[in-house]
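>
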Amino acid sequence: MKGTVLGGVLEDVKVLEYCTMISGPYCTKLLADMGAEVVKIESPGTGDEARRSGPFPGDIPHQEKSGLFLYLNTNKRGITLDPGKPMGKEIFEGLVKNVDILVEDTPPGYMEQLGLGYEDLKGLNPGLIMTSISPFGRSGPNKDYKAYQLNTAHVSGQGYLLPIPSPTLERPPVKAGGNSCDCDAGLVAAVAVLSAFYWKGATGQGQFIELSKQEALMSMQRVESVTFANDGVTMTRQAQAQSRMPGGVMPCKDGYVVAVTPEEHQWKALMELVGNPEWSKEDWCKDQRGRSEHAQELNGYLIEWMKQHTKEEIFRKGQALSCPIAPINSAEDLLRSEQLNARDFFVEVEHPKAGRLTVPSSPYRFSKSPLRWERPAPLLGEHNEDVLCERLGYTREDLVKLRETGII
Amino acid sequence: MNNGPLQGVRITEFTSAWAGPYATCLLALLGAEVIKVESRRRLDHSRNTSFSTGKDFSGPNESSVFNSLNLNKLGVNLNLSKPKGVEIAKKLVRVSDAVMENMRPGVMPRLGLGYEVLREVKQDIIYLSSSACGQTGPEREYVGYAPTFAALGGASFVTGYEDWPPSNFMGAIDLRSATTSAFAMVAALCHRQRTGEGQYVDLSSQETIAVLVGDTLLDYIMNQRVPMRMGNRDDVTAPHNCYRCRGDDNWISIAVTTDQEWQALCGTMERPELAQDERFSDAYKRWNNQDELDQIINEWTKGQDYYDVMEKLQKAGVAAAPSLSSEGLFKDPHLKERDVFMQVEHPVIGKDWVIAPPWRLSATPAEIKRHAPLLGEHNDFIFHGLLGMSRKEIKELEEEQVIY
Chain V
1 MKGTVLGGVL EDVKVLEYCT MISGPYCTKL LADMGAEVVK IESPGTGDEA RRSGPFPGDI
61 PHQEKSGLFL YLNTNKRGIT LDPGKPMGKE IFEGLVKNVD ILVEDTPPGY MEQLGLGYED
121 LKGLNPGLIM TSISPFGRSG PNKDYKAYQL NTAHVSGQGY LLPIPSPTLE RPPVKAGGNS
181 CDCDAGLVAA VAVLSAFYWK GATGQGQFIE LSKQEALMSM QRVESVTFAN DGVTMTRQAQ
241 AQSRMPGGVM PCKDGYVVAV TPEEHQWKAL MELVGNPEWS KEDWCKDQRG RSEHAQELNG
301 YLIEWMKQHT KEEIFRKGQA LSCPIAPINS AEDLLRSEQL NARDFFVEVE HPKAGRLTVP
361 SSPYRFSKSP LRWERPAPLL GEHNEDVLCE RLGYTREDLV KLRETGII
Chain U
409 MNNGPLQGVR ITEFTSAWAG PYATCLLALL GAEVIKVESR RRLDHSRNTS FSTGKDFSGP
469 NESSVFNSLN LNKLGVNLNL SKPKGVEIAK KLVRVSDAVM ENMRPGVMPR LGLGYEVLRE
529 VKQDIIYLSS SACGQTGPER EYVGYAPTFA ALGGASFVTG YEDWPPSNFM GAIDLRSATT
589 SAFAMVAALC HRQRTGEGQY VDLSSQETIA VLVGDTLLDY IMNQRVPMRM GNRDDVTAPH
649 NCYRCRGDDN WISIAVTTDQ EWQALCGTME RPELAQDERF SDAYKRWNNQ DELDQIINEW
709 TKGQDYYDVM EKLQKAGVAA APSLSSEGLF KDPHLKERDV FMQVEHPVIG KDWVIAPPWR
769 LSATPAEIKR HAPLLGEHND FIFHGLLGMS RKEIKELEEE QVIY
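Read top to bottom, the protein sequences are chains V and U.
By my numbering, the letter at position 353 of the first sequence is numbered 353, and the numbering carries on one by one without gaps.
Just remember that my numbering sits 408 ahead of the position in the second sequence, which is counted from 1.
1) Which partner residues of Cys248/V appear in the DSSP bridge assignment?
2) What is the rounded straight-line gap between the Cα of Val442/U and the Cα of Lys268/V?
3) Output the boundary residues of the alpha helix (DSSP H) element that contains Ser409/V.
4) Could you check whether Arg778/U and Asn480/U sit closer than 8 Å to each other, using their CB atoms as the reference points?
5) Take every Cβ of the stretch 208 to 217 of chain V, pair it with every Cβ of the stretch 547 to 563 of chain U, and state whether three or more of those distances are shorter than 8 Å.
6) Quick check on DSSP: helix, strand or coil for Leu6/V?
7) For Ala176/V, does the count of other Cβ atoms within 10 angstroms reach 16, so buried, or fall short, so exposed?
8) With DSSP collapsed to three states, give me the class of Lys444/U.
9) What does a CB cutoff of less than 6 Å around Ser424/U pick up in its chain, not counting 5 residues either side in sequence?
10) Taking C-beta to C-beta, are Ser537/U and Glu495/U nearer than 8 Å?
11) Please check if any C-beta of chain U sits within less than 8 Å of the C-beta of Leu6/V.
12) Indicate whether Asn478/U and Ala780/U have their beta-carbon atoms separated by less than 8 Å.
13) Tell me where the beta strand (DSSP E) around Phe346/V begins and ends.
14) What are the start and end residues of the beta strand (DSSP E) that includes Arg768/U?
15) Could you tell me the alpha carbon to alpha carbon distance between Ala563/U and Val260/V, rounded to whole angstroms?
16) For a contact meaning CB atoms closer than 9 Å, what does His154/V contact in chain C?
17) At a CB-CB cut-off below 9 Å, which residues of chain U make contact with Phe208/V?
18) What residues of chain V sit near Phe565/U, judged by a beta carbon separation below 7 Å?
19) With Ala17/V and Val38/V assumed to form a contact (beta carbons below 8 Å), what rounded beta-carbon distance in angstroms separates them?
20) Find the nearest neighbour of Pro378/V within the set Ala50/V, Gly67/V, Asn73/V, Pro44/V, judged by alpha-carbon distance.
21) For a quick check, are the C-beta atoms of Ile22/V and Gly290/V less than 8 Å apart?
22) Is the beta carbon of Thr544/U closer than 8 Å to that of Ala342/V?
23) Could you name the residues of the same chain whose beta carbon sits closer than 7 Å to that of Ala774/U, not counting the 5 residues immediately before and after it, in chain order?
24) Is any beta-carbon of chain U found at less than 8 Å from that of Lys2/V?
25) Could you pull the start and end residues of the beta strand (DSSP E) that Phe197/V belongs to?
26) Pick from Ile629/U, Asn475/U, Leu482/U: whose alpha carbon is nearest that of Glu348/V?
27) One question on the structure: do Tyr569/U and Val258/V come within less than 8 Å of each other, judged by their Cβ atoms?
28) When the cut-off is 8 Å and only beta carbons count, does Tyr198/V lie next to chain U?
29) What does Ser139/V touch in chain U if you count any residue whose Cβ is under 8 Å from its own?
30) Taking Ile757/U as part of the beta strand (DSSP E), name the residues at either end of that continuous run.
31) What does His648/U pair with, by DSSP beta-bridge criteria?
32) Going residue by residue through the stretch 583 to 663 of chain U, where are the continuous alpha helix (DSSP H) segments of at least 4 residues, counting only ones entirely within it?
33) Output, in chain order, the set of chain V residues within a Cβ distance shorter than 8 Å of Ser471/U.
34) Looking at chain V, is there any beta carbon in it that lies within less than 8 Å of the beta carbon of Gln671/U?
35) Which same chain residues, not among the five before or five after Tyr301/V, have their C-beta less than 6 Å away from its C-beta?
36) Measuring straight from C-alpha to C-alpha, what distance separates Lys76/V and Leu31/V?
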């Protein structure tokens with residue numbers, strides 16, 4: 001991996017992850033990228049479900065080459081283990097004894113069935129911070145219901161308001177693109193996990209944290225979620241309030257741009273950008289209210305101008321005038337962004353199977369403790385020997401037997 | 409006092425709008441004492457207007473949006489354009505563990521409140537700056553709000569209908585930036601707890617969004633393919649969409665990822681012949697024929713109540729859940745049982761509904777203890793009580809429009 005290995009913000013923090021797909025792994029990735037020592041537990045043989053999700057190089061599925069998996073598991077160590085088997089359970093317990101944090105995402109009640117619930121584990125490690133992530137939480141009528149990302153996106157209220165704006169309510173609401181909804185849940189969990197770690201640092205006390213993905217996603221919509229309760233207003237994806245604000249998403253010569261001008265001086269900057277045309281001098285265009293009444297007409301004028309200019313041109317000229325305007329960037333645009341590259345937002349990792357790979361790093365820079373990019377995502381079971389022999393004292397002969405019996 | 413895990417931590421914040429205030433609100437819900445510094449000179453716009461509904465508030469203490477984003481905080485007024493205002497701000501920093509600000513890069517240093525200065529005031533201070541594009545790089549001074557963060561970060565481009573322009577995003581994007589700031593702040597607090605060192609944290613809102621869609625960038629990196637909008641659809645599995653239910657704009661999301669779930673869906677729809685149908689016999693075929701599949705499912709759901717559909721499908725092991733509006737969320741029985749909506753008593757607004765903290769911590773619960781501060785509500789409590797300024801001095805500073 002490129003760059004020097006430096007002490008991370010969370011160096012020496014020990015984390016055990018027993019999760020699949022996105023939310024849980026994203027939560028521990030945030031910790032791992034800050035220097036925490038994360039050991040990821042995967043099912044023997046099959047591994048994390050994310051290993052079977054694309055993108056794959058050349059579209060050829062391979063359990064060590066999933067772009068999703070490689071992104072979500074940087075800087076972690078990986079072992080295979082089946083805690084459902086007695087020997088597997090014993091190993092799991094051994095691992096729990098030596099960590100600060102455990103993050104798991106099995107269905108509510110499953111860990112208790114295995115005898116690995118919080119009440120069992122805190123006996124082994126009173127300082128343990130155990131976090132359980134589930135779609136609907138551990139109580140309430142829906143607690144055992146199944147939900148994929150599409151479902152949590154919608155049942156949290158996030159989907160109902162997208163896209164902004166929708167041309168018609170005859171078309172369904174949509175979930176946000178990519179896997180941002182599942183990542184939201186991991187991010188929200190990480191805030192509580194680290195806060196609990198801070199408490200542990202002060203008192204030595206561990207605790208149990210419950211996270212419902214539905215509620216985590218709702219927390220990102222806390223303002224929109226209470227409009228009915230407080231004002232009897234049900235916002236829709238026709239986004240009346242936004243459509244009264246001129247600007248928004250507009251097509252341009254080579255794509256789309258978005259402008260938002262809540263302050264009067266920003267509106268003036270936008271007008272300067274489009275050359276202070278005649279219509280901008282009309283009386284109705286002089287204040288927010290008049291403009292809001294003529295929003296459709298105004299947007300017609302604006303789009304006419306935008307369509308004659310490229311997104312790059314609009315972005316640079318608009319920002320030079322302090323107008324909040326930006327291109328709608330594709331993945332390609334992001335990779336080429338001068339700003340992101342000047343900030344070394346992308347890092348290169350060398351992976352034994354997938355080769356040299358560029359991945360997005362982190363959205364923050366710490367002055368005292370640079371983020372470390374020490375290792376790529378683990379191969380399936382890559383650190384079985386490291387972790388089980390060096391940490392728990394099993395012998396290499398033990399490992400052979402554990403492998404043969406499907407425990408690791 | 410708050411029982412949260414960050415009890416004993418004091419944070420002074422110079423933030424406005426959504427992305428800054430909600431970051432420290434999260435920390436306040438977790439027990440930190442947060443002192444919000446604001447001024448009549450330039451009011452936080454969320455005290456005036458709701459960007460989500462377009463509603464204008466008639467006074468600075470009537471905003472339910474501000475209340476929702478500033479719970480548990482203490483509020484003081486300081487005019488930072490006056491040197492005396494800056495001096496008092498430094499006194500607050502001297503008794504704080506951390507500072508957060510989200511002004512345009514360069515503004516805090518110009519005011520005399522940059523990291524280098526405040527580190528002199530309090531050697532182990534943690535100082536987090538949240539901005540649109542970060543504190544470094546050619547675009548560091550570019551201005552933006554939630555819609556531009558989503559656009560620059562890559563979320564807009566991949567959200568929406570395949571045959572329609574990309575989606576705009578509003579305040580919810582700010583709250584993602586805010587949650588990321590809260591995480592970074594706690595990380596810096598942990599670092600300080602273990603080493604005694606404070607530090608500077610530079611957070612870029614654009615990047616907070618880019619990492620949430622980070623895996624979509626991998627497709628371009630690996631295959632030079634630009635991921636596009638695809639509504640609710642998945643790359644591999646189908647059916648995977650929202651279907652119309654009885655009522656106005658009521659929809660249910662249904663996602664099928666395995667053959668077993670597909671069989672269960674056919675059984676629940678009482679269409680056993682579909683389970684044998686060649687067009688849908690494996691995941692690949694279902695994906696290729698999903699337009700037809702969507703029509704068939706829509707026919708089945710359209711006259712039904714969305715909760716009935718959810719229950720029938722969930723009983724059969726199929727993931728289904730309604731797409732909830734703010735009304736739907738408020739009336740949802742599951743959320744009701746989990747007390748997700750809570751009422752906060754506010755001296756001006758009255759009873760205001762807010763969303764409960766999103767985590768349940770067994771030993772140190774995150775709690776809503778009080779409404780957001782009225783403008784200048786804690787001037788006396790903080791300036792007199794905490795900083796020991798005399799009431800006479802406070803009155804003079806008010807007259808000089810320093811405490812303003």
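Cβ atoms here follow ideal geometry from the backbone N, Cα and C, with glycine treated the same way.
Let me spell this out:
1) As a first step, residue 248/V is located in the first sequence; it is residue number 248 there, counting from the start. Going by the sequence as given, residue 248/V is Gly instead of Cys. DSSP, once it has assigned bridges, lists Ala259/V as partnering Gly248/V.
2) Start at 1 with the first residue of the second sequence, and residue 442/U comes out as number 34. Start at 1 with the first residue of the first sequence, and residue 268/V comes out as number 268. Computed Cα separation, rounded: 36 Å.
3) Since the first residue shown for chain V is 1 and the last is 408, residue 409/V is missing from the structure and cannot be characterised.
4) As a working note, residue 480/U is residue 72 in the second sequence. As a working note, residue 778/U is residue 370 in the second sequence. Cβ atoms of Asn480/U and Arg778/U: closer than 8 Å.
5) no
6) Here residue 6/V refers to the residue found at position 6 of the first sequence. With a pLDDT of 45 at Leu6/V, under the threshold of 50, the modelled position of this residue cannot be trusted; read the value that follows with caution. Coil.
7) Locating residue 176/V in the first sequence gives position 176, counting from the first residue. Flag for Ala176/V reads buried.
8) Your numbering for residue 444/U matches position 36 in the second sequence. In this structure, Lys444/U counts as strand in the three-state DSSP scheme.
9) Sequence index remark: in the second sequence, residue 424/U carries index 16 (1-based). For Ser424/U, where only same-chain residues beyond five positions count, the Cβ hits under 6 Å are Asp452.
10) Taking the first residue of the second sequence as 1, we reach residue 537/U at position 129. Taking the first residue of the second sequence as 1, we reach residue 495/U at position 87. No, they are not a contact pair.
11) Counted from its first residue, the first sequence places residue 6/V at position 6. Bear in mind that a pLDDT of 45 at Leu6/V, under 50, signals an unreliable position, so the model cannot answer this.
12) Locating residue 478/U in the second sequence gives position 70, counting from the first residue. Locating residue 780/U in the second sequence gives position 372, counting from the first residue. Going by C-beta atoms, Asn478/U is nearer than 8 Å to Ala780/U.
13) Indexing the first sequence from 1 puts residue 346/V at position 346. Start and end: 346 to 351.
14) In the second sequence, residue 768/U corresponds to position 360, counting from 1. From DSSP, the beta strand (DSSP E) with Arg768/U extends over 767 to 769.
15) Walking along the second sequence from the start, residue 563/U turns up at place 155. Walking along the first sequence from the start, residue 260/V turns up at place 260. Distance between the alpha carbons of Ala563/U and Val260/V is about 16 Å.
16) The question asks about chain C, but that chain is absent: this structure's protein chains are V and U.
17) Indexing the first sequence from 1 puts residue 208/V at position 208. Within 9 Å Cβ-Cβ: Arg768, Leu769, Ser770, Ala771.
18) Translated into positions along the second sequence, residue 565/U becomes position 157. Result: Ile328, Asn329, Ser330.
19) Here residue 17/V is taken as the residue at index 17 of the first sequence, counted from 1. Here residue 38/V is taken as the residue at index 38 of the first sequence, counted from 1. Just to set this straight, residue 17/V is Glu in the shown sequence, not Ala. 6 Å between Cβ atoms; contact.
20) What you label residue 378/V is simply residue 378 of the first sequence in a count that begins at 1. Ranking Ala50/V, Gly67/V, Asn73/V, Pro44/V by Cα distance to Pro378/V puts Asn73/V first.
21) Along the first sequence, one-based indexing puts residue 22/V at 22. Along the first sequence, one-based indexing puts residue 290/V at 290. Not a contact, by the Cβ cut-off of 8 Å.
22) Within the first sequence, residue 342/V is the residue found at index 342, counting from 1. Within the second sequence, residue 544/U is the residue found at index 136, counting from 1. Contact: yes.
23) Looking up residue 774/U in the second sequence gives position 366. Closer than 7 Å at the Cβ level, and outside the excluded window around Ala774/U, lie Gly412, Leu437, Leu438, Pro765, Trp767.
24) Numbered from its first residue, the first sequence carries residue 2/V at position 2. In this prediction, Lys2/V has a pLDDT of 34, which is less than 50 and means its spatial position is unreliable; what the coordinates show is noted afterwards. It does not; no Cβ of chain U falls within 8 Å.
25) To locate residue 197/V, count along the first sequence from 1; it is residue 197. Taken as a continuous stretch (DSSP letters only), Phe197/V belongs to no beta strand (DSSP E), being part of the alpha helix (DSSP H) at 180 to 203.
26) Residue mapping note: residue 348/V aligns to position 348 of the first sequence, counting from 1. Of the listed residues, the one whose Cα sits closest to Glu348/V is Ile629/U.
27) The sequence position of residue 569/U within the second sequence is 161, counting from 1. The sequence position of residue 258/V within the first sequence is 258, counting from 1. Contact: no.
28) Stepping through the first sequence from its first residue, residue 198/V is reached at position 198. Closer than 8 Å: yes.
29) By 1-based counting over the first sequence, the position of residue 139/V is 139. Ordered by position in chain U, the residues that pass the 8 Å Cβ test against Ser139/V are Glu745, Arg746.
30) If you number the second sequence from 1, residue 757/U lands on position 349. Run containing Ile757/U: none; DSSP gives neither H nor E here.
31) Indexing the second sequence from 1 puts residue 648/U at position 240. For His648/U, which the question treats as bridged, DSSP gives the partners Ala663/U.
32) 613 to 620, 622 to 631
33) If you number the second sequence from 1, residue 471/U lands on position 63. Under the 8 Å cutoff, chain V gives no residues; its nearest Cβ is about 10 Å from Ser471/U.
34) Position 263 of the second sequence, counting from 1, holds the residue named residue 671/U. No, because no Cβ of chain V sits closer than 8 Å to the Cβ of Gln671/U.
35) By one-based count along the first sequence, residue 301/V stands at place 301. Closer than 6 Å at the Cβ level, and outside the excluded window around Tyr301/V, lie Trp279.
36) Start at 1 with the first residue of the first sequence, and residue 76/V comes out as number 76. Start at 1 with the first residue of the first sequence, and residue 31/V comes out as number 31. Their Cα atoms are separated by approximately 9 Å.
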